[in-house]
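Student:
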Amino acid sequence: KSAQKRWKSIAQITSQSKDVQWARLSDISKDPVLCSPCTDEELEEIKFRISNGQRLSNPQKQQLQRGFQLVGDVHVSIAEGKMMINGSSLPAQVPLLSVLNLLSSKKSRIGWDLEKLFIALGSMNTAAISATLPHHIHRRFMRHNHILQSKQKPGAAAVLSWVEWVSENHLSPPEHCLNHPLGAWSRDVRSCLTTPNGSTFETNLKEAFVHHPPTLECLVQFPWIPRWMTYTSPTQVNINRPWPLQIVNEKLKLIVRSKNNASRKTSIPDNPALWALLLSYIYSPISSEAGNLLYALQYNWTNTESTVSSISSPIKRSIQFLRQVIDGNSDRIFVHEQYMLVIGRLGHFFEIKVGRGAHGAPFIINSIDSLEPRSSTPLCIYDSSFHSSVPLGDTIVSVLLALLDDVKTSTEIDSLQKYLCHHPPLGFPHLLHEGHLRLLNASTLTEFKQIVNQSRDSRIRWLKESPRENENEFEQIQGQNMMHLFRRNIAFNRNRWQFDNHRRPRTSRCDTLVEHALAADSALPHPQFIELWHESLEKGEEGHMHNNYAHRRMLREIVPPQTPIATNNRLPTGDIRNGERRFCEVFSRVWEAMMHHPIGSTFRMGVVDGGDLTFEHCHLGVTLRGQQERRIIRRFANLLGFVENGTFGQRMVFVRRDHARTTAFRDLSTFLDRVQGNTYAANTSPWRWHYAQVVKTPTAIPALRWELEQDLRDSKRKGVPRNR
1439 KSAQKRWKSI AQITSQSKDV QWARLSDISK DPVLCSPCTD EELEEIKFRI SNGQRLSNPQ
1499 KQQLQRGFQL VGDVHVSIAE GKMMINGSSL PAQVPLLSVL NLLSSKKSRI GWDLEKLFIA
1559 LGSMNTAAIS ATLPHHIHRR FMRHNHILQS KQKPGAAAVL SWVEWVSENH LSPPEHCLNH
1619 PLGAWSRDVR SCLTTPNGST FETNLKEAFV HHPPTLECLV QFPWIPRWMT YTSPTQVNIN
1679 RPWPLQIVNE KLKLIVRSKN NASRKTSIPD NPALWALLLS YIYSPISSEA GNLLYALQYN
1739 WTNTESTVSS ISSPIKRSIQ FLRQVIDGNS DRIFVHEQYM LVIGRLGHFF EIKVGRGAHG
1799 APFIINSIDS LEPRSSTPLC IYDSSFHSSV PLGDTIVSVL LALLDDVKTS TEIDSLQKYL
1859 CHHPPLGFPH LLHEGHLRLL NASTLTEFKQ IVNQSRDSRI RWLKESPREN ENEFEQIQGQ
1919 NMMHLFRRNI AFNRNRWQFD NHRRPRTSRC DTLVEHALAA DSALPHPQFI ELWHESLEKG
1979 EEGHMHNNYA HRRMLREIVP PQTPIATNNR LPTGDIRNGE RRFCEVFSRV WEAMMHHPIG
2039 STFRMGVVDG GDLTFEHCHL GVTLRGQQER RIIRRFANLL GFVENGTFGQ RMVFVRRDHA
2099 RTTAFRDLST FLDRVQGNTY AANTSPWRWH YAQVVKTPTA IPALRWELEQ DLRDSKRKGV
2159 PRNR
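Under this note's numbering, think of the first position of the sequence shown as 1439, with each following residue one higher.
See below:
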C-alpha cells in the first residue's frame, strides 16, 4: 500500500473511536472558521512562500497576526512563528504550513473543533522536565544504569505542559477560586520529576496521578487523561525512543520504520481525524493500550505481511523444559512477569531476568539483600562466552539449577562463594547468634563450612568464630602488624556509610519478620518474603546502590539553583500542602479566613518549625515549616489589622484590632511577587492571582465555605483543643 492508502484506511477504521471524537464539534455540519484575515489567493501565496522557505512580507505577517476568528469566540493568530489563541502563546512550535492548509480547506475543517486540535498540537513541550544531574557521575552509576532516565519523561512533560496551558488559559476556575489551581499542580509535579533515576521518576509520576486534585476531573473528556489516572510503569526495555511527531519544513511528520529497518519520516495528511487520533495516542502513556498501538503503527508501517512468525522446535522444547523445572521446584522458584526468584539452600534470594548481562550473558542476576525497603546487589556467576546456538530456555535452566544448589555451585564459582560468605541469608543480621542458627539447615551449613575451610582466602563473615580461634588470631597479629587497627577502621567506615545513607539505622521488613519467627519459635517466614518481593516489583522499586566515598562527596556538591520550597516528603507527589499549590491554595485560604474574622477574633501561630496555625472561628489548620512561612503569616496579619497579643506555650496569639489597610491587596501582591521570585516558580503565572480581594470586615462570623474548614496540617493531631 502507498502512504495515502494507509492513512485513508486508518481514518476509516478509527472514525468512531473516542480517540477521534474528542475533537469533534457538537454540530458536525458547522464550519469552525468564521472569518479569515485575507482572501483565498493571498492565503495561497503565504503558504507558497512558507513551503519554499521564503521570507514573508510585512503585509503578509500582519495578516497572520490579525488571525482567524473561530466558533466559540476564539481568535487564532500567528506571530514570529508561534501560534497564539486569544492572545496567549502556545508553549511549543506548530507546523505552520500544515495548520494553514487545514484552516484554508473548508471541506476538511467542517465539523471539527480546531481550537482543541491547535492547543494539543502546540502544547507538546517535551523539554518541560529537565533532569538535575550532579556535577560528576561516578562509574558505578553508569554501570548499573541508575541514571538511566525513564522513556516516559517526554510524554509526561508534554501532558503536564498541556494541563498547565489549558487550566490557565482555557478552563474557567472552580467556585470560590480566582484562578484554576491545576496549573500550580502541573508545575509541582514537574518539579518532582527532575530526578535522573528512572525508578524514582516512575514512582513519583504514578503517585501524582493517583492522588490527583479533584479539579483534574474536568478534563476527563479528553481520552488520555483517564489513562494517566490509571498509570502503570512501562515494562518494555528502556531504550531511547524518538518523539513520534516531527516538524520538517513546517509540515507535520510521523517517524516510522522503513523496510530496511531504519527510521524515516512520513508526511501526515492535513486531516483533522488523523491529527486527533495521533495526538490522543501521543498524549497517552506509552504503557497504555493507546501507546502500544502508536508504537505498533510506527514499527509496522511498511509491513504488509499478516502471518505470525513461528517458534522453532529447539526453542519451544527449551521453554517447555524451563516450565518443567519451575513447576518441579514451585516451593523455591517463583515468577513475576519477566522476573524469576530462586531461594538458595541457606536462604539467600536470587532474582533472574532475561536481558544483556555481564560477559554477554542473556540474563541478569541480582541478589536480594532486603525488602521494604528493597536493596539488591548485581551478581556475576559466569565468565565464559555465550553462543546464540544454545536455546534461551536451556541457558536459564542452567542458571536456576546452579542457584538452587548455590552451596555446591560455590565450589566452582568464586564470586558466588564470596557473596555467600559476606552476606547472610535474607532477613538475618550481619552477625548471627545461636538462636538464628536453629532457623538454618544444620547439614547445609556444615557442608558450606567444609567448602569454605578448603579455601584459604575465605571465611564466613556472618558466623561467630570460636573464642580459641579469635585468641590464636590475636596472638599471631599482636606485635607483628597493624591488621587489628585496619579492621577497626573498616568497621568504623562501614558504620559511617550506613549513617550517611540513612541518617539512622534502618531495619527492613524482612529483618522484623525473622525476629518475630525467632521469638515465636517458628519456621522462616519465606511466604511473607515472597509477597514482599511481588509488591516491590509492582511498585517499580529499584535496589539501593552501595555507598562509597566518592558518592558521599558528590551529594555535597549538588547545589539547588534556586531557593527550594519547604516540602514534606511523606506527602504524595503533587499534594496541596507541597510546592506551588501550598502558596496558591493553602495560603490563599489562610488569607481568606483572616479576612472573614470579625474584630476581636484571634488565631494562634507556632513559633518553632513544624508549629501549627489555627483559627478561632474555623477549623482550618496549617503546619508552618520554617521562618519564611511564619513571616508570610505575620505579613498577612499586619495587612488585615491583626496585632500580637502575647504567647500561649510555644504559640503566639494574634487578635484583630482594626480593619484591613486600604492598600492591603496591592501590598500583598508586591510581597507575594518578591517571595515567588526567590523560588523555582519565578517565571510562572503570579501567585497573587489566586488570592481574593479584600472584603469589608464582618460584624459577625459569616457562613464559611467548606474549604476554610479543612485541616491541612502535615500530621493531623487528635485531642488538641482549637483556639476558641
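The beta-carbon is built from N, C-alpha and C at its ideal position, and this holds for glycine as well.
Which whole-angstrom value describes the C-beta separation of Asn-1617 and Cys-1630, a residue pair presumed to lie in contact below a C-beta threshold of 8 Å?
Tutor: That belief does not hold up - the Cβ atoms of Asn-1617 and Cys-1630 are roughly 21 Å apart, past 8 Å.
Student: Per the DSSP calculation, Gly-2049 is bridged to which residue(s)?
Tutor: Leu-2062
Student: How would you label Arg-1577, buried or exposed, when you count the other beta carbons within 10 angstroms and need 16 or more for buried?
Tutor: No answer about Arg-1577 holds up, because its pLDDT of 48 lies below 50 and its placement is not dependable.
Student: For Ser-1853, which residues does DSSP report across the bridge?
Tutor: None; Ser-1853 has no bridge partner.
Student: Going straight from the alpha carbon of Ile-1724 to that of Leu-1494, what length do you get?
Tutor: 39 Å
Student: Roughly how many whole angstroms lie between the Cα atoms of Ser-1726 and Val-1509?
Tutor: 33 Å
Student: May I have the straight-line CA-CA distance separating Phe-1556 from Thr-2101, to the nearest angstrom?
Tutor: In this model, Phe-1556 and Thr-2101 are separated by some 41 Å (Cα to Cα).
Student: Drop a sphere of 10 angstroms on the beta-carbon of Asp-1478, count the other beta-carbons inside from all chains shown, and report buried for 16 or more, exposed for fewer.
Tutor: exposed
Student: CB-CB under 8 Å to Trp-1666, same chain, minus the five flanking residues each way: which ones, in chain order?
Tutor: Cβ neighbours of Trp-1666 within its own chain (closer than 8 Å, five residues either side excluded): Val-1597, Phe-1647, Ser-1722 and Pro-1723.
Student: Is there contact here, the stretch 2002 to 2018 with the stretch 2099 to 2119, by at least three beta-carbon pairs under 8 Å?
Tutor: They touch, by the three-pair rule.
Student: On a Cα-Cα basis, can you pick out the residue from Ile-1548, Leu-1552 and Ser-1543 that is closest to His-1513?
Tutor: Of Ile-1548, Leu-1552 and Ser-1543, the residue nearest in Cα terms is Leu-1552.
Student: Sort out for me which residues DSSP pairs Phe-2109 with in a bridge.
Tutor: Paired residue(s): none; Phe-2109 is not in a bridge.
Student: Write down the C-beta distance between Phe-1886 and Val-1845 rounded to the nearest angstrom, noting that I regard them as a contact closer than 8 Å.
Tutor: 5 Å
Student: Tell me whether Thr-1884 is buried or exposed, calling it buried when 16 or more other Cβ atoms sit within 10 Å of its Cβ.
Tutor: exposed
Student: Helix, strand or coil for Trp-2127 per DSSP?
Tutor: helix
Student: Within a Cβ cutoff of 8 Å, which residues of the same chain sit near Asn-1709, ignoring the five residues on either side of it in sequence?
Tutor: Trp-1445, Ala-1449 and Ser-1546
Student: Among the candidates Ala-1700, Ala-1728 and Gln-1776, whose CA atom is the shortest distance from the CA of Thr-1740?
Tutor: Ala-1700
Student: Flag Leu-1712 as yes when its Cβ comes closer than 7 Å to any non-hydrogen atom of the ligand ZN, and as no otherwise.
Tutor: As far as ligands go, the structure on display features none, and thus does not contain the ligand ZN.
Student: Give the straight-line distance between the Cα atoms of Pro-1816 and Glu-1789, rounded to the nearest whole angstrom.
Tutor: 10 Å
Student: Can you tell me whether Tyr-1857 is buried or exposed? The criterion is at least 16 other CB atoms within 10 Å of its CB, across all chains shown.
Tutor: Its Cβ being crowded by 16 or more others within 10 Å, Tyr-1857 is buried.
Student: Measuring only the C-alpha atoms, how far is Gln-1776 from Ile-1802?
Tutor: Rounded to whole angstroms, Gln-1776 and Ile-1802 show a C-alpha spacing of 11 Å.
Student: Rounded to the nearest angstrom, what separates Ile-1819 and Met-1778 at their Cα positions?
Tutor: Cα to Cα, the separation comes out at about 16 Å.
Student: Tell me, which residues are paired with Ala-1517 by DSSP?
Tutor: Looking at the DSSP assignment, Ala-1517 forms a beta bridge with Lys-1520.
Student: Using a Cβ-Cβ cut-off of 6 Å (strictly less than) and excluding sequence neighbours within five positions of Leu-2142, which residues of its own chain qualify?
Tutor: Cys-2056
Student: Hey, how far is the Cα of Phe-1506 from the Cα of Leu-1472?
Tutor: Distance from the CA atom of Phe-1506 to the CA atom of Leu-1472, rounded to whole angstroms, is 8 Å.
Student: Could you pull the DSSP bridge partners for Ser-1814 from this structure?
Tutor: Answer is Ile-1806.
Student: With a threshold of 7 Å on Cβ separation, who are the neighbours of Pro-1652 within its own chain once the five nearest residues in sequence on each side are excluded?
Tutor: none
Student: Helix, strand or coil: how does DSSP classify Ser-1610 here?
Tutor: coil
Student: Counting only runs that start and end within the stretch 1461 to 1496, where is the alpha helix (DSSP H) found for 4 or more residues in a row?
Tutor: 1478 to 1489
Student: Assign Ser-1748 to one of two classes, buried (16 or more other C-beta atoms within 10 Å of its C-beta) or exposed (fewer than that).
Tutor: By the neighbour-count criterion, in which 16 or more other beta carbons inside 10 Å mark a residue as buried, Ser-1748 falls on the exposed side.
Student: Cutting at 8 Å between CB atoms, please list the residues of its own chain near Ile-1753, excluding the five before and the five after it.
Tutor: Pro-1829, Leu-1830 and Gly-1831
Student: Between Asn-1879 and the rest of its own chain, which residues show a CB-CB distance below 8 Å, the 5 nearest in sequence each way excluded?
Tutor: Cβ neighbours of Asn-1879 within its own chain (closer than 8 Å, five residues either side excluded): Arg-1783 and Leu-1784.
Student: Look at Ala-2098 and Thr-2061 and say whether their C-beta atoms are less than 8 Å apart.
Tutor: no
Student: So the candidates are Thr-1632, Pro-1619 and Leu-1712; which of them puts its Cα closest to the Cα of Leu-1447?
Tutor: Leu is not the amino acid found at residue 1447; the sequence shown has Ser there. It is Leu-1712.
Student: With which residues is Asp-2149 paired in a DSSP beta bridge?
Tutor: Asp-2149 is bridged to Gly-2059.
Student: Count the other CB atoms within 10 Å of the CB of Ser-1718; is the residue buried (16 or more) or exposed (fewer)?
Tutor: Classification for Ser-1718: buried.
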